[in-house]
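Asker: Structure below; questions to follow.
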Amino acid sequence: MKTRFAKLLSLLFAFTLVAAACGGDSEDSTETTAAEGGDEGSGELDCAVENLNLFTDGKLTIATGEPVFPPWMIDDDPTNGQGFESAVAYALAAEMGFAEADVVWTRTDFDVAIAPGDKEYDFNMQQYSPLPERDEVVDFSDPYYNVQKSVLTFEGSPTDGATTFADLQGGTWGATIGTTDLDYIENELGIEDVAVFDTQSDVVAAMVAGQIDSTVVGLPTAYFLSAVELDGGVIAGVLPSTGVGSDGMALLFTEGNPLRDCVNVGLAALSDAGTLDALGQEWLQGESIPSISK
Numbered sequence: 000m001k002t003r004f005a006k007l008l009s010l011l012f013a014f015t016l017v018a019a020a021c022g023g024d025s026e027d028s029t030e031t032t033a034a035e036g037g038d039e040g041s042g043e044l045d046c047a048v049e050n051l052n053l054f055t056d057g058k059l060t061i062a063t064g065e066p067v068f069p070p071w072m073i074d075d076d077p078t079n080g081q082g083f084e085s086a087v088a089y090a091l092a093a094e095m096g097f098a099e100a101d102v103v104w105t106r107t108d109f110d111v112a113i114a115p116g117d118k119e120y121d122f123n124m125q126q127y128s129p130l131p132e133r134d135e136v137v138d139f140s141d142p143y144y145n146v147q148k149s150v151l152t153f154e155g156s157p158t159d160g161a162t163t164f165a166d167l168q169g170g171t172w173g174a175t176i177g178t179t180d181l182d183y184i185e186n187e188l189g190i191e192d193v194a195v196f197d198t199q200s201d202v203v204a205a206m207v208a209g210q211i212d213s214t215v216v217g218l219p220t221a222y223f224l225s226a227v228e229l230d231g232g233v234i235a236g237v238l239p240s241t242g243v244g245s246d247g248m249a250l251l252f253t254e255g256n257p258l259r260d261c262v263n264v265g266l267a268a269l270s271d272a273g274t275l276d277a278l279g280q281e282w283l284q285g286e287s288i289p290s291i292s293k
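Take the sequence shown: its position 154, counted from the start at 1, is 153 in numbering that gives the first Met the number 0, and no numbers get skipped.
Right under this line is the structure:
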């Protein structure tokens, strides 16, 4: 079933597949599926719903941002199963043995979730990169998607048509606090004067208002923003990976939450079945974009 977003992109882009390399098998995965319980004393994970460490018994409570953007979620509604992350969430819940009605959503700020301490949900799903410094205070699942970073700007801006990092120095930059996007601008691109915003919607608003002309976002997000939110918006190019986990997207847990192990079993099953790849092809595809090199 085509969504309005998919139809919109099909009109704007000649689709080619964006690399949707999804998380592979966990090293700790067992022969039991996520919804099956292992034999007592067998050493296998017991992932039956009734035995999971859940925030609310019998319910899978998932946190996400407010607002949430396509293509990750559609119409700012995580409950409709549309958009890549919403679709993955419900596929994972089903794999783990939860009925759709037993999935409960809550909203959190991006940076607040990274702080240490107990969480009032089972896991958080907001395109989190499992960076080492974050992993010191929270836990992460295996990646469910690997995403390229890109430069989002406007036609005719100083960064439009950039092919090297040096070409990017003339832009006026902004990004969301606590994100690897902000870290990339400051520490990889070497931009010293970066406006910092609380949410991605604030970054978009600043671009619309002419306060900044360039930002770094994941390529699927850039496809949507350049096509729908920004008049004259363009993707200048994709950026090289830093090789430190910033390209992976993983689910965020309270530090030490044993639920993560059973979630990883579920993600591995979805990967083996080709479900993650299929959902990536359905929701995260667009035109081929040139690369920007160091």
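From the three backbone atoms N, C-alpha and C, an ideal C-beta is built for every residue, glycine too.
Keep in mind it's a predicted model, so treat the numbers as computed, not measured.
Work out the CA separation of residue 236 and residue 291 for me, nearest whole Å.
Answerer: As a first step, residue 291 must be located in the sequence shown, where it is residue number 292. As a first step, residue 236 must be located in the sequence shown, where it is residue number 237. If you take the alpha carbons of residue 291 and residue 236, they lie about 6 Å apart.
Asker: Indicate the three-state DSSP secondary structure (helix, strand or coil) for residue 114 in the structure shown.
Answerer: On the sequence shown, residue 114 is found 115 positions in, with the first residue counted as 1. Residue 114 falls in the coil class under three-state DSSP.
Asker: Exposed or buried, which one is residue 118 when buried takes at least 16 other CB atoms within 10 Å?
Answerer: On the sequence shown, position 119 is the one that residue 118 refers to. That one is buried.
Asker: Rounded to whole angstroms, what is the Cα-Cα separation between residue 55 and residue 121?
Answerer: Locating residue 55 in the sequence shown gives position 56, where the first residue counts as 1. Locating residue 121 in the sequence shown gives position 122, where the first residue counts as 1. Answer to the nearest angstrom: the Cα atoms are 9 Å apart.
Asker: Name the residue from 152, 85, 174 and 134 whose alpha carbon lies nearest to the alpha carbon of residue 229.
Answerer: Counted from its first residue, the sequence shown places residue 229 at position 230. It is 152.
Asker: Can you give the Cα-Cα distance for residue 116 and residue 263, rounded to whole angstroms?
Answerer: Reading the sequence shown from its first residue, position 117 is the one you call residue 116. Reading the sequence shown from its first residue, position 264 is the one you call residue 263. Going by the C-alpha atoms only, they are around 22 Å apart.
Asker: For residue 77, which residues of its own chain have a beta-carbon under 6 Å away from its beta-carbon, when the five flanking residues on both sides are left out?
Answerer: As a first step, residue 77 must be located in the sequence shown, where it is residue number 78. Once the five neighbours on either side are set aside, the close Cβ partners of residue 77 are 63, 85 and 104.
Asker: Could you pull out every residue in the same chain whose Cβ sits closer than 7 Å to the Cβ of residue 161, ignoring the five residues on either side in sequence?
Answerer: The residue given as residue 161 occupies position 162 in the sequence shown. The residues are 150, 167, 235, 236 and 291.
Asker: Rounded to a whole number of angstroms, what is the C-alpha to C-alpha distance between residue 202 and residue 193?
Answerer: For this step, residue 202 is matched to residue 203 along the sequence shown. For this step, residue 193 is matched to residue 194 along the sequence shown. Each residue's alpha carbon lies about 11 Å from the other.
Asker: Assess contact between the stretch 263-274 and the stretch 89-106, defined as three or more Cβ pairs (one per stretch) separated by less than 8 Å. Is contact present?
Answerer: Touching, yes.
Asker: Is it right to say residue 249 is buried, meaning 16 or more other beta carbons lie within 10 angstroms of its own, or is it exposed?
Answerer: Taking the sequence shown and counting its residues from 1, the one referred to as residue 249 is at position 250. Buried: at least 16 other Cβ atoms inside 10 Å.
Asker: If we count the other Cβ atoms within 10 Å of its Cβ and call it buried at 16 or more, is residue 67 buried or exposed?
Answerer: If you number the sequence shown from 1, residue 67 lands on position 68. So residue 67 ends up on the buried side.
Asker: By alpha-carbon positions, which one of 109, 255 and 143 ends up nearest to residue 271?
Answerer: Residue 271 sits at position 272 when you count from the first residue of the sequence shown. Residue 271 has its Cα closest to that of 143, out of 109, 255 and 143.
Asker: Kindly indicate which three-state DSSP category residue 138 falls into: helix, strand or coil?
Answerer: Walking along the sequence shown from the start, residue 138 turns up at place 139. Three-state DSSP puts residue 138 in a strand.
Asker: At which residue ranges does the stretch 75-109 contain complete beta strand (DSSP E) runs of 3 or more residues, listed in the order of the chain?
Answerer: The stretch 75-109 contains these whole beta strand (DSSP E) runs: 102-106.
Asker: Give every residue of the same chain whose Cβ lies closer than 7 Å to the Cβ of residue 82, excluding the five residues on either side of it in the sequence, and list them in chain order.
Answerer: Start at 1 with the first residue of the sequence shown, and residue 82 comes out as number 83. Correct list, in chain order: 69, 70, 71, 72, 73 and 282.
Asker: At 3 residues or longer, what runs of the beta strand (DSSP E) sit wholly inside the stretch 138-178?
Answerer: Segments of the beta strand (DSSP E) lying fully in the stretch 138-178: 148-153 and 172-175.
Asker: Identify which residue in 113, 125 and 141 has its Cα closest to the Cα of residue 132.
Answerer: For the purposes of this step, residue 132 is taken as residue 133 along the sequence shown, with counting starting at 1. Comparing Cα-Cα distances from residue 132 to each of 113, 125 and 141, the minimum goes to 113.
Asker: Give the list of continuous alpha helix (DSSP H) stretches no shorter than 4 residues that lie fully inside the stretch 232-275.
Answerer: Counting whole runs of 4 or more residues, the stretch 232-275 contains the alpha helix (DSSP H) stretches 258-271.
Asker: Return no unless some Cβ of chain D is closer than 8 Å to the Cβ of residue 248.
Answerer: In the displayed structure, chain D is absent; only one protein chain is listed.
Asker: Let me check one thing: in DSSP terms, what residues is residue 196 bridge-paired to?
Answerer: Position 197 of the sequence shown, counted from the first residue, corresponds to residue 196. For residue 196, which the question treats as bridged, DSSP gives the partners 175.
Asker: Please classify residue 277: does DSSP put it in a helix, a strand, or coil?
Answerer: Numbered from its first residue, the sequence shown carries residue 277 at position 278. The answer is helix: DSSP assigns residue 277 an H, G or I state.
Asker: Name the DSSP bridge partner or partners of residue 62?
Answerer: By one-based count along the sequence shown, residue 62 stands at place 63. According to DSSP, which records beta bridges pairwise, residue 62 is partnered with 105 and 123.
Asker: Quick one: using the 10 Å Cβ neighbour count with 16 as the cut-off for buried, is residue 293 buried or exposed?
Answerer: The residue labelled residue 293 in the question sits at position 294 within the sequence shown. Result: exposed.
Asker: Between residue 138 and residue 155, what straight-line distance do the alpha-carbon atoms span, to the nearest angstrom?
Answerer: The residue given as residue 138 occupies position 139 in the sequence shown. The residue given as residue 155 occupies position 156 in the sequence shown. Going by the C-alpha atoms only, they are around 42 Å apart.
Asker: So for residue 216, helix, strand or coil by DSSP?
Answerer: Taking the first residue of the sequence shown as position 1, residue 216 is located at position 217. In this structure, residue 216 counts as strand in the three-state DSSP scheme.
Asker: Taking the DSSP output, what are the residues bridged to residue 290?
Answerer: Mapped onto the sequence shown, residue 290 falls at position 291. Its beta-bridge partners are 237.
Asker: Take residue 102 as the anchor and find which of 125, 135, 123 and 60 has the nearest alpha-carbon.
Answerer: On the sequence shown, position 103 is the one that residue 102 refers to. The shortest Cα separation from residue 102 among 125, 135, 123 and 60 belongs to 60.
Asker: Find the nearest neighbour of residue 279 within the set 213, 90 and 188, judged by alpha-carbon distance.
Answerer: For the purposes of this step, residue 279 is identified with residue 280 of the sequence shown, where counting begins at 1. For residue 279, the nearest C-alpha among the options comes from 90.
Asker: With distances taken from CA atoms, which of 48, 219, 75 and 146 is nearest residue 98?
Answerer: Your numbering for residue 98 matches position 99 in the sequence shown. Ranking 48, 219, 75 and 146 by Cα distance to residue 98 puts 48 first.
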